[in-house]
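Working notes, structure below.
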Amino acid sequence: VPPVLYSPSGMFCWLSPHSSEIQDEERTWNARILAGTTVTSGRKSGAESSQTHGQVSSTSSGGGQAVMTWSDWGTVAAIVWLTGVLWLLLVYVIRTTRFRRQLRSTALTPDASLERLMQRLARHVGLRSNPRLAISQPNRGPAVFGVLRPTIILPVALVQDDHRRQLTPILLHELMHLRRGDLLLSLVSTLVRLLWWFHPLVWWSAQQAERESERCCDESVVAFMRRNPARYAHCLINTLERSRQLQAVSL
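The structure is reproduced here in structure tokens:
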């Protein structure tokens with residue numbers, strides 16, 4: 043489960059309101075150990091007091107080595123966690139910026155017939171606004187990205203004249219992602235993976251959610267077309283046959 047801020051077993055338990063009192067007690071205890079004094083309590087018996095005295099003496103004779111406390115380990119864990127978050131965030135920003143720059147410089151303008159097809163399908167699925175359409179010259183996609191300004195990416199290999207009949211189910215699939223709000227869910231999933239990057243179940247659940255999202259969009263396309271699913275399956279098979287020419291959009 044995700045760590046709670048003040049949970050005793052959480053990563054940030056050292057930030058609790060009582061952590062200052064615990065740190066003061068630990069500093070006092072460490073100072074007594076380093077000074078070579080005997081620390082006893084009224085609850086301890088005589089045998090326990092002598093054993094504690096022997097441990098203190100051995101510690102003081104060892105040269106006064108520092109003792110790592112729970113708060114010190116919590117600080118180290120927080121530094122490691124923050125380093126992982128910043129590193130993943132930097133990788134995500136670099137990938138997104140590089141992809142947008144490449145798309146802006148190499149994207150082709152779709153023709154009017156393709157724009158009309160996309161707008162007609164967007165109205166049929168119930169979208170309030172039409173997304174942008176971009177033709178990727180390095181054959182990236184098909185994919186959709188952008189939460190505030192969605193953009194559907196189609197590779198050049200799929201918009202050729204001999205493959206135009208297969209664009210309808212592909213466009214419907216990407217439009218279903220927008221209708222379902224999968225882009226916003228993907229953003230939330232990315233933030234969760236940034237914060238809980240150390241948890242393997244978070245990465246596994248994000249992968250399973252992405253697969254389920256693709257399956258739901260496929261079923262929605264089949265239901266929307268109201269035809270035999272064989273046509274949509276045939277379109278997917280033809281896309282997979284040209285998968286060597288296409289590049290996935292990884293953000």
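All you need for my numbering is the position in the sequence shown, starting with 1, plus 42. All C-beta atoms in this analysis are idealised placements derived from N, C-alpha and C, irrespective of residue type, glycine included.
{"Query": "Where Leu-220 sits in the DSSP three-state scheme", "Result": "helix"}
{"Query": "From Val-167, Leu-190 and Ala-176, residue whose alpha carbon lies closest to that of Val-263", "Result": "Val-167"}
{"Query": "9 angstroms Cβ cutoff met for Leu-213 and Leu-196", "Result": "yes"}
{"Query": "Run of the beta strand (DSSP E) containing Val-186, from where it starts to where it stops", "Result": "185 to 187"}
{"Query": "Nearest neighbour of Leu-229, chosen from Ser-155, Glu-254 and Gly-188 [CA to CA]", "Result": "Gly-188"}
{"Query": "Whole-number beta carbon distance between Arg-221 and Leu-169, since they are thought to touch under 8 angstroms", "Result": "6 angstroms"}
{"Query": "Option in Gly-223, Pro-180 and Arg-257 with minimal Cα separation from Gln-144", "Result": "Pro-180"}
{"Query": "One or two residues paired with Ser-194 in a DSSP bridge", "Result": "Residue identity check: residue 194 is Ile in the sequence provided, not Ser. Looking at the DSSP assignment, Ile-194 forms a beta bridge with Leu-175 and Val-186."}
{"Query": "Alpha-carbon to alpha-carbon, Val-135 and Leu-175", "Result": "23 angstroms"}
{"Query": "Unbroken alpha helix (DSSP H) run spanning Trp-239, endpoints", "Result": "That residue, Trp-239, is in no alpha helix (DSSP H); it is neither H nor E in DSSP."}
{"Query": "Residue range of the alpha helix (DSSP H) that includes Ala-164", "Result": "154 to 167"}
{"Query": "Pairwise C-alpha distance: Ile-177 and Phe-141", "Result": "14 angstroms"}
{"Query": "For Arg-146, the nearest candidate out of Asp-153, Ile-279, Val-127 and Thr-193 (CA to CA)", "Result": "Thr-193"}
{"Query": "Member of Tyr-274, Arg-235, Val-118 and Cys-259 whose CA lies at the smallest distance from the CA of Ala-248", "Result": "Arg-235"}
{"Query": "Thr-210 and Leu-163 closer than 9 angstroms at C-beta", "Result": "yes"}
{"Query": "Beta-carbon spacing of Val-186, Leu-243 below 9 angstroms", "Result": "no"}
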